[in-house]
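The opening residue of the sequence shown carries number -10 in our numbering; numbering runs sequentially from there. Built from N, CA and C at the ideal position, the CB exists for glycine as well. Predicted, not measured: the structure shown is a model, and the values here were computed from it. Inspection log for the structure reproduced underneath, given as structure tokens.
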Amino acid sequence: MTTASDIREKYLNFFKEKGHAVIPSASLVPENDPSVLFTTAGMHPLVPYLLGEKHPSGARLADVQKCIRTGDIDEVGDYCHHTFFEMLGNWSLGDYFKKEVIAWSFEFLTSEKWLGLDKNRLAVSVFKGDADAPFDEEAFETWKSLGIDEKRIAKLPKKNNWWGPAGDTGPCGPDTEMFYWVGDPDKVPESFNDDSPFWLEIWNDVFMQYNKNLDGNFEPLSQKNVDTGMGLERTLAVVNGFDDNYKTDLFWPIIEKIEELSGKKYQGDLIKAMRIIADHLKASTFILGDEKGVAPSNTGQGYVLRRLIRRAVRYGKQLGIKLFTKEIAKVVIEMYSRVYPELLKNKDFIFDQLTQEEEKFEKTLEHGLKEFERGTSPFILFTTYGFPIEMTKELAAEQGKEIDEQKFKEEMEKHQDLSRTASAGMFKGGLSDAGEENKRLHTATHLLHQALQDVLGVEITQKGSNITAERLRFDFTFSRKMTDEEKKKVEDLVNEKIAEKLPVQKIILKKEEAEKTGASHAFGDKYGDEVSVYFIGDSLETAWSKEFCGGPHIENTGDLGHFKIVKEEASSAGIRRIKAVLE
Ligand code: SER
């Protein structure tokens, strides 16, 4: 059987042979990009480089990126949709373009030396063209020259063959997608049919050559990029000839554990419940165990995590299992910690949070389900019994009923300001258009970080950062509430540095040299061999603030305005959270 490690290794080796530098997976929680809650694709952490910033590792990159997609949570349960997945990606930042990447994709998929998939079961699609961009003739001709029959090359509109931007604005472009026939190998149809579930999409090569701006226009980017994404879970199933991703080594040990705990088999009606539990608890383990680990809560990423854990617990009930989430997390950590060592490092946090959340929900689940049967409102089910609205909706749907979501929202708004839950959406606009405001808050975050070290002690470390249109948020290790005096000192110090109108500069260094500069780096982050360091001051030696960072930043602190802390609170045990604004 081909394992996940075999494929990760082959993929990275293939692209190393083609001159790519392998870069580590970024965190699941995007830093400095308020447009999404989680990293949903490999392109996310690379947005600044797609827009033209120079990447420290060069113009050809390859990686395996951990991703979370929340749009599919309710679809999970079929054989191929997952909340957490790994995306194999290769990148050209203004280097090679369509011809090269299509030929490489074809070689990697079909050559015996690599995946060795059957050419005759391959089909592709290309962008058919519209008012924003022309028909992708180059992609079409390249596939033909590689021996793909025209009947197997579909020309499709933007809805199918265009990727991005990840938020409302940002880098995007036409793509070409590769499909593999997973039906009967003796009955491969002559033509590709977009509607058939047996043509499974396995890889997507995106030609990121446009930037969608705030007006909704597509401007050509200064450089033409390639962003490819291949889902590891699907590819692994396809290579093994399995019709179920859960039978691969990326899931099967979890399913076996569920079978053992429940004394039931992965078959018939129970398949869906077991898949949901396996998927959701794997995703939860990764969110909790991330370098920027998040705890369950009622907003943002924490709310998604809460939904995942609670939905898994509810399906556990169907299998007759209780207090099982930690047992599943143990298996996930065992399976993945060689590739993602942060899981092992954060295992106590993972176990504690899962157990707490599960115990809390266990207390109200039974009662809540009875209340649901009695027709209690979604609002009461949420506030009293902790049922996420999506769960109530799902319960209702199982009985062919609908709930009044609008009413729920209104009641919630009256009850508290819930405008920032996952469903309400985050700040509209991606990194690129958030533009100047975002950069200013990002630079202010660096100033705040250094000011905290000066005032509270050098041992404080960054635990997370997030920027919206209105404010910055900074999490750091510190064991107690800050006094008013300390907060004032930090504010004054930041404002002093703003008044000094210091230049903000970047230098790219070998990792060891960068470490010697004493620049701070986010707790637990992984870095490539070369890193960029942003420093604030006239020279690297004399700079007041130095940080490992991908940018972007404004050029001078003089453009920041007045810095003000609006909140200082506990985020989780040993972690404080500051929210601050620029006025
Ligand atoms: N960004 C594209 C995707 O997510 C290719 O990596 O499919």
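Item                                                                                                            : Value
Met93 - containing alpha helix (DSSP H), residue span                                                           : Reading off the sequence shown, one finds Trp at residue 93, where the question assumed Met. Lys87 to Thr99 is the span of the alpha helix (DSSP H), which, as asked, contains Trp93.
CB contact flag (Phe181, Phe168, <9 Å)                                                                          : yes
Endpoints, alpha helix (DSSP H) assigned at Leu221                                                              : Leu221 to Asn229
Status (buried if at least 16 other CB within 10 Å, exposed otherwise) for His551                               : exposed
Completely contained alpha helix (DSSP H) runs for the region 469 to 516, where each covers 4 or more residues  : 473 to 488 and 500 to 505
Outcome for Met(-10) when other beta-carbon atoms lying within 10 angstroms are tallied against a minimum of 16 : exposed
Pro163 in three-state terms, based on DSSP                                                                      : strand
Contact set, ligand 1 heavy atom to C-beta under 5 Å                                                            : Ala30, Met32, Trp152, Asn193, Val195, Asp216 and Gly218
Own chain residues within Cβ distance below 7 Å of Asn484, not counting five before or after                    : His551 and Phe552
4 or more residues per run - each alpha helix (DSSP H) lying fully within the region 267 to 330                 : 289 to 308 and 314 to 325
Whether Ala508 touches Phe537 by CB criterion (9 Å)                                                             : yes
Residues bridged to Ser561 (per DSSP)                                                                           : Ile564
Distance, Thr288 Cα to Asn427 Cα                                                                                : 21 Å
Three CB pairs or more closer than 8 Å across the region 486 to 493 and the region 519 to 535                   : yes
The region 141 to 154 touching the region 122 to 133, judged by at least three CB pairs closer than 8 Å         : yes
Those residues which DSSP pairs with Pro209 across a bridge                                                     : Tyr199
Cβ contact check for the region 160 to 176 and the region 30 to 43: 3 or more pairs under 8 Å                   : yes
Segment contact, 8 Å Cβ cut-off, at least three pairs: the region 43 to 63 with the region 77 to 92             : yes
Length of the line joining the Cα atoms of Arg469 and Pro541                                                    : 32 Å
Beta carbon of Ser326 nearer than 9 Å to that of Gly453                                                         : no
Buried/exposed call for Glu222, threshold 16 Cβ in 10 Å                                                         : buried
Reduced DSSP category for Gly547 - H, G, I as helix; E, B as strand; rest coil                                  : helix
Beta carbon of Ser(-6) nearer than 9 Å to that of Tyr329                                                        : no
Beta-carbon separation (whole angstroms), Ile564 vs Asp464, contact threshold 8 Å                               : 5 Å
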